[in-house]
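Quick note, the sequence shown lines up with residues 3 to 201 if you use the numbering used here. From the three backbone atoms N, C-alpha and C, an ideal C-beta is built for every residue, glycine too. Nothing here was measured: the structure is a model prediction, and the numbers come from that model. Report on the following structure.
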Amino acid sequence: MDNIDYNTQLKRLKLPEYGRNIQNMVNHCMTIEDREERTCCANTIINTMGNLFPDLRDINDFKHILWDHLAIMSDFKLDIDYPYEVIKKETLYERPENLKHSASQIRYMHYGKTIPQLIEKATTLENEEERNQLIYLIANHMKKCYSSFNKEGVNDRKIFDDLRELSRGAIDINENDMTLTEYKDTSAQKSTVSKKKKK
Numbered sequence: 003m004d005n006i007d008y009n010t011q012l013k014r015l016k017l018p019e020y021g022r023n024i025q026n027m028v029n030h031c032m033t034i035e036d037r038e039e040r041t042c043c044a045n046t047i048i049n050t051m052g053n054l055f056p057d058l059r060d061i062n063d064f065k066h067i068l069w070d071h072l073a074i075m076s077d078f079k080l081d082i083d084y085p086y087e088v089i090k091k092e093t094l095y096e097r098p099e100n101l102k103h104s105a106s107q108i109r110y111m112h113y114g115k116t117i118p119q120l121i122e123k124a125t126t127l128e129n130e131e132e133r134n135q136l137i138y139l140i141a142n143h144m145k146k147c148y149s150s151f152n153k154e155g156v157n158d159r160k161i162f163d164d165l166r167e168l169s170r171g172a173i174d175i176n177e178n179d180m181t182l183t184e185y186k187d188t189s190a191q192k193s194t195v196s197k198k199k200k201k
């Protein structure tokens, strides 16, 4: 009985998504001595790789990605004239730079980043009517955000205090001058509606 080579006994694939047949084609390509013939073989492999993922052809730089993958599968030893500047081996395993997280700059997480930006905008408006309308919209949105954060609800005074703090005192609202919309726990409302439908 002939010996059978199982995948678990074979060399680990560099890019398993292409399968062992493609890897074997790459391995064969590297053994071709004539450079022109080798390049022609590489192009055939690229076309075959592309046919494996036809739904990705509309992605920008799809061809470029395939040539990068070919270089990786050949362990960067395939000596051909690449049509693109392919990825370098030394950069493939480089650790990316840490992303700067802006969350630490947000004073109140439940208001997010947009609310402070809108408040800043409101403080610069010269037209009093436009300014008051924007402040009213901001305050209502703040209350809605806070209500989602705190299921027990929130009174208008708390919103006005936060608004004054975030505007560095530029916006100071008297409770008698503005009444905000009441917001209830929408998740609880949805649950009640769902139960009624089941009945």
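Check your understanding: Under a CB-based cut-off of 9 angstroms, is Asp-57 close to chain D?
Key -> Note that chain D does not occur in the displayed structure, where there is just one protein chain.
Check your understanding: What are the boundary residues of the alpha helix (DSSP H) that includes Leu-94?
Key -> 91 to 94
Check your understanding: How many Å lie between Tyr-110 and Leu-58 at the Cα?
Key -> 41 angstroms
Review point. Could you give the distance in angstroms between the alpha-carbon of Lys-16 and the alpha-carbon of Met-75?
Key: 6 angstroms
Review point. Is the CB-CB distance between Ile-61 and Ile-24 below 9 angstroms?
Key: no
Check your understanding: Counting pairs of beta carbons, one from the region 86 to 93 and one from the region 121 to 136, are three or more of them closer than 8 angstroms?
Key -> no
Exercise for review: Would you mind giving the Cβ-Cβ distance between Ile-121 and Leu-72, rounded to the nearest angstrom? I have them listed as a contact below 8 angstroms.
Suggested key: That pair is no contact at about 53 angstroms.
Review point. Hey, how far is the Cα of Arg-159 from the Cα of Lys-153?
Key: 17 angstroms
**Study point:** With 16 other Cβ atoms within 10 Å as the buried cut-off, status of Ser-150
**Key:** exposed
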